[in-house]
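In the order they appear, the protein sequences are chains A and B. The opening residue of the first sequence carries number 1132 in the working numbering; numbering runs sequentially from there. The opening residue of the second sequence carries number 1132 in the working numbering; numbering runs sequentially from there.
2 protein chains.
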Amino acid sequence: MPRSRRSTNRVTMDDVAARARVSASSVSLFLRNPDAVSPRIAPRIKQAIEVLGYVPNLLAGSLAAARTRAIGVVVPSLGNAFFSATVAAMQKEFDRHGYQLLLGATEYEPGREADLVRTFLSWSPTALVVTGCRHDDETRTLLRSARAPVAEMWELGEQPFDLQVGFSHYKAGEAVARHMLEIGAKRVAFIGARMKSDVRAHQRCEGFSRSMLKAGIDVHIENVPGDASPKTGAHALADILRRMPDVDSIACSNDVIALGVLFEAQRRGLAVPQQLRVAGFGDLPFSEECVPPLTTVQPRATQIGLSIARELMERVEQPADEQEPRIVDSGFELVIRASTQRIEASQEP
Amino acid sequence: MPRSRRSTNRVTMDDVAARARVSASSVSLFLRNPDAVSPRIAPRIKQAIEVLGYVPNLLAGSLAAARTRAIGVVVPSLGNAFFSATVAAMQKEFDRHGYQLLLGATEYEPGREADLVRTFLSWSPTALVVTGCRHDDETRTLLRSARAPVAEMWELGEQPFDLQVGFSHYKAGEAVARHMLEIGAKRVAFIGARMKSDVRAHQRCEGFSRSMLKAGIDVHIENVPGDASPKTGAHALADILRRMPDVDSIACSNDVIALGVLFEAQRRGLAVPQQLRVAGFGDLPFSEECVPPLTTVQPRATQIGLSIARELMERVEQPADEQEPRIVDSGFELVIRASTQRIEASQEP
DNA sequence: TTGTACGCGTTATCAA
DNA sequence: TTGATAACGCGTACAA
């Protein structure tokens, strides 16, 4: 007895083929390469598709072809403007090539990365994109077993799987420290949010404070819990002023924190940069516009997304088997603005 | 001649079955309901899965079951904090239920919505989420033909497909206008970004300016091109001051624009709220913290995402066939802060 | 150029 | 409870 399923009265390729009076394989061929079928049947197929409102079943296609036009992307958080900019750029580029972006966010929770990667793998993705290059053993195993190129973004270091596009956060921290030393910083603090789980913010902090230490300056580090936000920055400044009233320079792990510092300083009548120098990280849309404009590190978030997408598309569409791992330093730029102005001798005690 | 393909040396369910010395059906059953197999073979299957590192192929599963655990989401832009907050909330909730979020952004380009929906449909998604309730004919046709619940978010109006979670932007605009009238606004302007394509910003503008008109006040509308940003706001304020030097109150379609207005006012020594009142929309993280704190409309972005996800999961998991369309007014709240303070008579000319 | 037949890795059905 | 087997809808090698 025949077991009829086919509950889904979906329009299939066979339906199109029947209506166009050709075989299903001709329809399949037409869909992938319209010029490959004879000019006589092409219009018939085209019309049948339109009349029936045929939508190809990607699932079946992917299963047959053993490859899915989907790319899994793991970011820590979408609330973070850095990552949403990168994701937006990637999505746009993937879309151009007909690839679908699968999105997952860890919210900095340990173990979530492995879960998300596992989920993505069950979709047989064409490629995987993860954030950072530090992963737990489970994630590493999963990524290694993936028969798809793996891109790591926003950070350099460790051994790359296939592609790594990012920059050294440690150096970014160093660059800010160097600048602050040049302008005569003496009493220095660093504000970072959740630096135990945000390893990149922690790296920037390390780069900054070690550089300072080499110059004989001990940095007061304020590691606040929760998301980076202006409120975080404002509270942190209040704390710092309590413990270190003569602070003259503050670096922040994120521009939104720095913005909060600027607001709090303004409320307290603390002049920036005359009495307090402030630097951030991210070069967010407000950083150029705020008062005073904020010295910061520009990480090229969009460029990272674009590079990854392009490089992956290239690898996927021209599968020169066994490609070498590739590392791309997307770099960063220290953008010096009015919030860090030279500390005049006259203003020092 | 047998055609051996099976180039993909992927670990399949059969491999697991062979190793556990059971049938593939039992493995499948175990995966969906571990308690349904006898306690004798369950551990064998479990071990085989772990040893072989088996990852189920969702594609095959979805094809067979004729349902995919994927939900397509279309937003205008990820750069917009509103939508990224909503998407983040949805993704988290979907993930909890084992559903994958497919993401697409239109970047406010006409026609992109239909393209994205079409792409999603070919994935046979469990549900679709789109932004707003105004869609071109092509999109409407596609959505109607979808055998999946369709949720529209961030806006109310039109006839809902299945679910609509949002609020009236027109009323949000009215609420701001009402407040500004109460505090004695006389010379009024509205700044919006790209209001031809951002229909919701346009609605807020309409609600605002019509309310003002009813009170006999003609609103100067500044519709700037490009994304909403602080720079946009700063430039717009400069423009407004040129054409309308005695402006006393400005409403903005977005808090980031309002932030730019505050910065520009500060640079010009224009005291807010004493000389100029400013209101925004969005209640972004900085809005409470900036100087002065910003009066704004809070749209409950996270709540919208959560409501949609929960409602969809419910519909999907308890398919009481032919559910009624449902409209949920997520509401908004006018948050009055220092940036809009009563205009004292003594300060008027 | 077009058609035939098989296989992709699962789920669902039904018999044992 | 377990296992054999037929779909699911399409890609593709190969024959016509």
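Don't be surprised by glycine CBs; every beta carbon is placed ideally from N, CA and C. Nothing here was measured: the structure is a model prediction, and the numbers come from that model.
If you check each beta-carbon in the stretch 1224-1237 of chain A against every beta-carbon of chain B, the ones closer than 9 Å belong to Asp1226, Gly1229, Gln1231, Leu1232, Leu1233, Leu1234, Gly1235 and Ala1236.
At a cut-off of 8 Å, the C-beta of asparagine 1385 of chain B has no neighbouring C-beta in chain A. Looking only at B/Asp1166, B/Arg1318, B/Ala1308 and B/Ser1159, the smallest Cα-Cα distance to alanine 1196 of chain B is reached by B/Ser1159. Where alanine 1279 of chain A is concerned, there is no enclosing beta strand (DSSP E), because DSSP gives it neither an H nor an E. CA-to-CA, the gap between valine 1409 of chain A and leucine 1393 of chain A works out to about 8 Å. Listed by position along chain A, the residues whose Cβ is nearer than 8 Å to that of arginine 1271 of chain B form an empty set, because the closest Cβ is around 13 Å away. Counting C-beta pairs closer than 8 Å gives fewer than three between the stretch 1455-1475 of chain A and the stretch 1147-1158 of chain B, which falls short of the contact rule. Proximity to valine 1387 of chain B across B/Ala1402, B/Gly1288, B/Gln1397 and B/Ala1365 peaks at B/Ala1365, based on C-alpha coordinates. Sequence-distant partners of threonine 1237 of chain B (beyond 5 residues in either direction) whose C-beta falls short of 7 Å from its own C-beta, in its chain, are Val1205, Pro1207, Arg1243, Glu1244 and Leu1247. Shown in chain order are the members of the stretch 1412-1424 of chain A whose Cβ falls below 8 Å from a Cβ of chain B: Pro1416, Phe1417, Glu1419, Glu1420, Cys1421 and Val1422.
Among the residues of chain B, those whose CB is under 8 Å from the CB of valine 1218 of chain A are Leu1209 and Leu1234, following chain order. Interface with chain A (8 Å Cβ-Cβ cutoff): alanine 1365 of chain B is included. Taking every protein chain shown into account, the CB of glycine 1304 of chain A has 16 or more other CB atoms within 10 angstroms, so this residue is buried.
Listed by position along chain B, the residues whose Cβ is nearer than 9 Å to that of tryptophan 1254 of chain A are Asn1188, Leu1189, Leu1190, Ala1201 and Gln1231.
DSSP places glutamate 1464 of chain B in the uninterrupted beta strand (DSSP E) bounded by 1464-1466. Here DSSP, grouped into helix, strand and coil, assigns valine 1355 of chain A to strand. Among the residues of chain A, those whose CB is under 9 Å from the CB of lysine 1362 of chain B are Pro1416, Phe1417, Glu1419 and Glu1420, following chain order. A direct Cα-to-Cα measurement between glycine 1436 of chain B and cysteine 1336 of chain B gives close to 24 Å. Pairing isoleucine 1322 of chain B with alanine 1396 of chain B gives a Cβ-Cβ distance that is not under 8 Å.
With a threshold of 8 Å between beta carbons, glutamine 1290 of chain A makes no contact with chain B.
Taking C-beta atoms as the reference points, serine 1276 of chain A and arginine 1198 of chain A fail to come closer than 8 Å. The three-state reading of DSSP puts aspartate 1460 of chain B in strand, counting E and B together. Proximity of glutamine 1222 of chain A to chain B, defined by a Cβ-Cβ separation below 8 Å, is satisfied.
Put simply, of B/Tyr1185, B/Met1284, B/Phe1161 and B/Thr1426 the residue whose alpha carbon is nearest the alpha carbon of threonine 1433 of chain B is B/Met1284.
Proline 1165 of chain A and arginine 1249 of chain B have their alpha carbons spaced roughly 19 Å apart. Among the residues facing chain A, glycine 1338 of chain B is not included, as its CB has no counterpart in that chain under 8 Å away.
Straight-line spacing of the CA atoms in glutamine 1231 of chain A and valine 1403 of chain A works out to 46 Å. DSSP places cysteine 1421 of chain B in the coil class of the three-state scheme, outside both helix and strand. Note that the C-beta distance between leucine 1194 of chain A and valine 1218 of chain A is not below 8 Å. The C-alpha of arginine 1265 of chain B lies about 40 Å from the C-alpha of arginine 1399 of chain B. Partner residues in the beta bridge of arginine 1408 of chain B, as assigned by DSSP, are B/Ser1380. For leucine 1162 of chain A, the enclosing alpha helix (DSSP H) stretches over residues 1155-1163. A Cβ of chain B is located within less than 8 Å of the beta carbon of glycine 1184 of chain A. Between the C-alpha atoms of glutamine 1178 of chain A and proline 1170 of chain A there is a straight-line separation of about 13 Å.
Partner residues in the beta bridge of phenylalanine 1321 of chain B, as assigned by DSSP, are B/Ile1352 and B/Ala1382. Across the set A/Phe1225, A/Met1375, A/Gln1429 and A/Arg1468, the C-alpha of A/Phe1225 shows the shortest separation from the C-alpha of isoleucine 1439 of chain A.
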